[in-house]
Amino acid sequence: RVSGVADSFAAVEGQDFTFNADFEIYPDVTAKNYTGIKLTKEEAEPSDELIATALKRLEGQMASYEPKAAGTTAEKGDQLVVDGQGYTVKKDGSEEAFAGGNLQNFKIVLGSGQLIPGFEDALIGSKAGDEVDVKVTFPAEYHAKELASQPAIFKLKVTEVAGPKEDALSDESVKQLGFENLDALKDILKKGAVRDLTMATDQRLKRQLLDALEEANKDFDLPQGLVNAEHQSLWRAQLNELQQRRMPIEALGSSVEEAIASLKPLAERRVRLGLVLAAIAKQEKIEVENADIDAAVNEQIASAGPQAEQARQYFANPANRQQLTGPVLEDKVTGWLIEKAAVTTKSIAPNELLTELQ
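Numbered by the working numbering, the letters in the sequence shown go through residues -6 to 351 in order.
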C-alpha cells in the first residue's frame, strides 16, 4: 500500500501538466505470536464499603447549607453568597465592566472547581461582610472569546458564609431522586458498580493483550505519515478537552512543545497496533458484517439517553455508519484473540480495580 500527496503543480497553457508528489510505502505486516498469549483477568465484586462510599457521595451532592456564626472564616466546602461586578483590566491599568460580570446573590461552593482558576481560592478565609478583590486571568480557551486570556478583577462583597449540612439519606429523602426507598437506591448503585467493575476488568485485559502484541511485533518501520496524522489528532483532542473544561493551556503542566512531544509514543503505539490488528484480521479472515454494524449502532443509540433520537438520525446516514467499521473490527479481533489466549483469573479489591476508570 502507498499513501501520497501532491505538493506542487505546474500548469501552463499548451504544455503538459506536471506535479510533484511524495509517496510513502506502507509496510507489508505479518502479525506474529498472537495466539496463546498469557493474560490475567482481574475481577472484583462490589463490596458493602463500595456502596457505602457511593451513598456518602450522594449525601454530599444533596447537602444543604446553614449560615455560619458571624465572624467565621470561609473554608473549602463552604458556600458563599456574594454581590459584585467583574472588570477587565486594560494595559494602562484602567478597568472596564464587562457583560455578564454583574453578580447578585451569586452562590459559590469553595473548592468545587466550577469557576475559573484562582477565583474560589481567593475567597478562602473571607467572612460575611468582607469586601474582596478577586484578581484572575481568563483562560485562553474561555468560551467568551472577548474575555479569553484577559486579566480581570472581581470586586465582591461577601454577604453570607454557610457550611454544609449533610443529612443521612433516608427512605423519604431518596424519593427526591426518584427512588421508591433507600433499598431501591442501593440496588441501583450495586448494579452500577457491577457494570463499572466489569468495564474495568475488560479494559485491563485488553491493555495486557495490546501490550503483548506490541512487544511481539516491533520488527517493522512505521509509516511516518500515519504517525504524524495520529500525533496531530491526539494533540487536537487534548486541546478540545481543555476547552470543554474551560482550563488554560498552562494546566498541562509543561510547555506546549513538551506536551506535544509527550504524545508521540502514544501515536506510534496506536499506529503499530492498528497495523498489527489489521494484519491479524486479514490472516484470520475476520471481517465486519452488516449485523456487526447494526449491533454497534443500536448500542450507540441505547447509550445516548435523551439524545437517542438524534443518534438514530445521525446513524441513518451511511457515511456515519461507516465510521464504526474500524472500532467494530478492533473489537472483533481483540475478542477473537482473548478467546485464543491463555487466561487465568485473579480476585482483587474493587477499589483497586476501579482505578482503571479514573
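No residue lacks a Cβ here, since even glycine has one placed at the ideal position from N, Cα and C.
Alpha helix (DSSP H) containing residue i: first to last residue?
i: Asn283; result: Asn283 to Ala295
i: Lys183; result: Leu175 to Ala209
i: Pro343; result: Pro343 to Leu347
i: Asn221; result: Gln217 to Gln237
i: Gly111; result: Where Gly111 is concerned, there is no enclosing alpha helix (DSSP H), given that its DSSP letter is neither H nor E.
i: Ser255; result: Val249 to Ser255
i: Ala304; result: Ala301 to Tyr307
Would you give the residue range spanned by the beta strand (DSSP E) that residue i belongs to?
i: Glu89; result: Glu88 to Val102
i: Gln316; result: No beta strand (DSSP E) contains Gln316, which DSSP labels as neither H nor E.
i: Gln78; result: Gln72 to Val82
Which partner residues does residue i have in the DSSP bridge list?
i: Ala335; result: Lys31
i: Ser340; result: Glu36
Which whole-angstrom value describes the C-beta separation of residue i and residue j, a residue pair presumed to lie in contact below a C-beta threshold of 8 Å?
i: Glu207; j: Leu266; result: 6 Å
i: Leu43; j: Ala193; result: Actually they are not in contact, since the Cβ atoms of Leu43 and Ala193 sit about 12 Å apart, beyond 8 Å.
i: Val264; j: Lys325; result: 20 Å between Cβ atoms; not a contact.
i: Pro395; j: Lys183; result: The chain is shown only over -6 to 351; residue 395 falls outside these bounds and no answer can be derived.
i: Ala272; j: Ala92; result: 57 Å between Cβ atoms; not a contact.
i: Val74; j: Phe99; result: 7 Å
i: Glu323; j: Leu270; result: 6 Å
i: Ala378; j: Phe131; result: Any property of residue 378 remains undetermined from this structure, which presents the chain solely from -6 to 351.
i: Arg197; j: Glu35; result: 6 Å
i: Phe172; j: Gly77; result: The pair is not a contact, with the Cβ atoms about 39 Å apart (cut-off 8 Å).
Beta strand (DSSP E) runs wholly inside the stretch 15 to 66, at least 3 long, in chain order: 31 to 36 and 57 to 60
Completely contained beta strand (DSSP E) runs for the stretch 115 to 171, where each covers 3 or more residues: 124 to 130 and 144 to 158
Cβ contact check for the stretch 118 to 126 and the stretch 138 to 157: 3 or more pairs under 8 Å: yes
Three CB pairs or more closer than 8 Å across the stretch 309 to 320 and the stretch 284 to 292: yes
Touching by the beta-carbon criterion (3+ pairs, under 8 Å), the stretch 198 to 215 and the stretch 21 to 32: yes
Cβ contact check for the stretch 264 to 280 and the stretch 163 to 182: 3 or more pairs under 8 Å: no
Three or more C-beta pairs below 8 Å linking the stretch 226 to 236 and the stretch 246 to 265: yes
Touching by the beta-carbon criterion (3+ pairs, under 8 Å), the stretch 292 to 301 and the stretch 333 to 345: no
Segment contact flag, the stretch 72 to 81 with the stretch 209 to 222, C-beta cutoff 8 Å, min 3 pairs: no
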